[in-house]
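Enquirer: For the sequence shown, the numbering used here gives the first residue as -19, with consecutive numbering after it.
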Amino acid sequence: MSSIDQAISIKYNNLVYELKATGHDIITLSLGEAFFDIPAPDFSGFDVAELHHYSHSRGVPELRRRLAKYYEDRFGPSVDPDQEMIITAGSKAAIYMTLLAVLEPGDEVIMTEPFWLSYPAHVRLCRGEPVMVAHQESLFDLERHITARTRVIIINNPNNPTGKVYTAAELDHLHALATRHGLLLLVDEAYNEFVAPGTAFVSAAVGDPERLHTVTVNSMSKNFGISGWRIGYLIAHRRIVDEVLKLNQHLVTCAPTILAGYLAGHFDELISRTRPQIQQAVAMRDTAAGWLADAGIETLPGEATFYLFGSLGESSLNSDAFATRLLRERGVCVVPGIAYGESCDRHIRISVGTESPERTRRGIAAIRSLIDATRT
-19 MSSIDQAISI KYNNLVYELK ATGHDIITLS LGEAFFDIPA PDFSGFDVAE
31 LHHYSHSRGV PELRRRLAKY YEDRFGPSVD PDQEMIITAG SKAAIYMTLL
81 AVLEPGDEVI MTEPFWLSYP AHVRLCRGEP VMVAHQESLF DLERHITART
131 RVIIINNPNN PTGKVYTAAE LDHLHALATR HGLLLLVDEA YNEFVAPGTA
181 FVSAAVGDPE RLHTVTVNSM SKNFGISGWR IGYLIAHRRI VDEVLKLNQH
231 LVTCAPTILA GYLAGHFDEL ISRTRPQIQQ AVAMRDTAAG WLADAGIETL
281 PGEATFYLFG SLGESSLNSD AFATRLLRER GVCVVPGIAY GESCDRHIRI
331 SVGTESPERT RRGIAAIRSL IDATRT
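The structure is reproduced here in structure tokens:
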């Protein structure tokens, strides 16, 4: 464990919580969540005897059925909720348990930068070797990184921190690599709802309907605006699901019964309430992208989520030093780009899901000011 660092985004957000607790006003552009107007849960009408106890270790059956229908209606492929799905305590657990189920010590996992920051730690915790591919490289050149030890390719679609949505051609290429080299394609789709109308989002499940080499991971926590509830799930071939099930049983037993039961009972109601607010968050991202461009701050390409990956331009600071000074001196919190890969150290992640437009604009002005103050 001494070789594993803290999750940098959570580290910075803990600093925010501590500073706010002592009376500091922090413009928080670092949180990996969007704040929505969602009513407090009402558990009246539920069977209390069931809600307070263990549920099926694959997940509450009714919620599995609702999620299977959601995937079939939204993306096309049918999913067997009894054999091809597990509901977990957050999508992080689903990713980690999948890797733990398939990796032998020394196996390699390819990830393209910027990657979601926990992927390398997950791989190392499984005694594997993360293989990071610099963000300047083309996805279509990925094959040159494949070796005899390569076991998994993992991507985040839409991407955190850029908002990039993978094209159908890119996904087809990854499926072809997986087939040709006998690899597992692990696709984290935790932000699939955070896509603007008119932007084509293709689930990885579409390109592998029999799930011969694809594991799809998703998060109700993100897409329903309830990140603190920690409800995620995976969809995979039953041979992988059966192995992950053992881990789920031994590590957490089951996802929180009371929360999963509530989501099953209020599935349509919650998503219909959340979707308009998701579109507001995506629209805010577009607005903030315009403000960054007006301020001369370049961003890596992306069109979804509520994240932007901004360049530090002429600043002499690396991303960690920049983020630290921005927080301490200007009361604005962002996430250093180094968290998402070495090739990303000249960037910062800016999240626009939690602050008002006026405060977001003030935060961007502070970023520009610090870049100017630290020019080379």
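All C-beta atoms, glycine included, are put in the ideal place defined by N, C-alpha and C.
In angstroms, rounded to a whole number, what distance separates the CA positions of F181 and A301?
Expert: Cα to Cα, F181 sits roughly 35 Å from A301.
Enquirer: Using C-beta distances below 7 Å, list every residue in its chain close to H153, excluding the 5 sequence neighbours before and after it, in chain order.
Expert: L119, F120
Enquirer: What does DSSP give as the partner residue(s) for F26 in the beta ladder?
Expert: F26 is not bridged to any residue.
Enquirer: Are the beta-carbon atoms belonging to P141 and Y320 less than 7 Å from one another?
Expert: Yes, they are a contact pair.
Enquirer: Skipping 5 residues on each side, what residues in its chain have a beta carbon closer than 7 Å to that of T159?
Expert: H193
Enquirer: Check whether the region 13 to 23 touches the region 249 to 262, taking contact to mean three or more Cβ pairs, one atom from each stretch, closer than 8 Å.
Expert: yes
Enquirer: Taking the alpha-carbon positions, what's the R129 to D87 distance?
Expert: 5 Å
Enquirer: Pull the bridge partners of G212 from the DSSP assignment, please.
Expert: T68, S199
Enquirer: Alpha helix (DSSP H) containing D274: first to last residue?
Expert: 247 to 274
Enquirer: Kindly provide the ranges of any alpha helix (DSSP H) runs that are 4 or more residues long and lie completely inside the region 140 to 180, ordered along the chain.
Expert: 148 to 161
Enquirer: How do the region 96 to 111 and the region 238 to 249 stand: do at least 3 beta-carbon pairs fall below 8 Å, yes or no?
Expert: no
Enquirer: Alpha carbon to alpha carbon, how far is I344 from Y34? Give it in angstroms, no decimals.
Expert: 46 Å
Enquirer: Pull up the distance between the alpha-carbon of Y146 and that of S183, whole angstroms please.
Expert: 9 Å
Enquirer: Using the Cβ count rule (16 or more neighbours within 10 Å means buried), how would you classify Y213?
Expert: buried
Enquirer: Along the chain, where does the beta strand (DSSP E) containing I133 start, and where does it finish?
Expert: 130 to 136
Enquirer: In chain order, what residues of the same chain have a beta carbon less than 6 Å from the beta carbon of A69, not counting five sequence neighbours either side?
Expert: R210, V232, A235
Enquirer: Tell me, which residues are paired with E88 by DSSP?
Expert: DSSP, once it has assigned bridges, lists E109, T130 as partnering E88.
Enquirer: M(-19): buried (16+ other C-beta within 10 angstroms of its C-beta) or exposed?
Expert: exposed
Enquirer: What did DSSP end up calling G290 once you bin it into helix, strand or coil?
Expert: strand
Enquirer: Output needed for H125: all residues of its chain with C-beta closer than 8 Å, excluding positions within five of it in sequence on either side, in chain order.
Expert: I90, V111, V113
Enquirer: Determine whether the beta carbon atoms of N136 and D168 lie at a separation below 7 Å.
Expert: yes
Enquirer: Run through DSSP, which three-state label would R355 get?
Expert: strand
Enquirer: Helix, strand or coil: which one does DSSP assign to H327?
Expert: Assigned with DSSP and collapsed to three states, H327 falls in strand.
Enquirer: Where does A(-13) fall in DSSP's three states?
Expert: coil
Enquirer: Going along the chain, which residues of its own chain have a beta-carbon closer than 7 Å to the beta-carbon of T127, five neighbours each way excluded?
Expert: E88
Enquirer: Distance check for A353 and V132, CA to CA, integer angstroms please.
Expert: 43 Å
Enquirer: Could you tell me the boundaries of the alpha helix (DSSP H) in which L47 lies?
Expert: 41 to 55
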